[in-house]
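In the UniProt record's numbering, the protein residues as written are 1 to 99.
Glycine included, each C-beta is placed from N, C-alpha and C at the ideal position.
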Amino acid sequence: VYKCEVMGADCSACSSLGETEEFKYGCWWCDGQCAFKEWCEQERLERQLTCPKPNLEMISPLNGPKEGGTFLTITGSNLGRHRPQVDNSVTIGGKPCPV
């Protein structure tokens with residue numbers, strides 16, 4: 001027994017619940033929440049094929065040495081469904097950061 005709205009707190013988390021063989025829960029992002037796909041009206045499903053832009057809530061720590069090497073924790077919502085979506089897309093001060 002599961003609840004899509006609990007497992008998929010944001011669009012990217014929700015969307016990933018139905019993409020792989022091991023996570024076929026039938027969850028879908030519609031009307032601003034994660035829901036069982038069969039409960040979403042068809043027109044809402046068609047309008048919401050993409051997730052909203054990422055929303056950054058916190059970056060920690062806020063400073064580090066100029067030489068780099070500081071591990072950062074970035075929290076927020078809609079940060080991507082899979083690692084390949086964020087690889088090569090995170091930069092700090094114009095410098096790429098490995099994910």
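Selected residue, minimal CA-CA separation from GLU67, among GLY93, CYS34, VAL99: The sequence position of residue 67 within the sequence shown is 67, counting from 1. Closest by alpha carbon: GLY93.
Identity of the residue in GLY76, GLY69, GLU41 nearest CYS97 by Cα: Taking the sequence shown and counting its residues from 1, the one referred to as residue 97 is at position 97. Across the set GLY76, GLY69, GLU41, the C-alpha of GLY69 shows the shortest separation from the C-alpha of CYS97.
DSSP-derived helix/strand/coil call for residue 155: Residue 155 lies beyond the residue range present for the chain, which begins at 1 and ends at 99; the question has no answer from this structure.
Simplified DSSP state of SER89, which is helix, strand or coil: In the sequence shown, the residue the question calls residue 89 occupies position 89. Here SER89 carries a coil assignment [DSSP, helix/strand/coil].
Unbroken beta strand (DSSP E) run spanning GLU5, endpoints: Within the sequence shown, numbered from 1, the residue matching residue 5 stands at position 5. Annotation: GLU5 is outside any beta strand (DSSP E); the continuous alpha helix (DSSP H) that includes it extends over 4–7.
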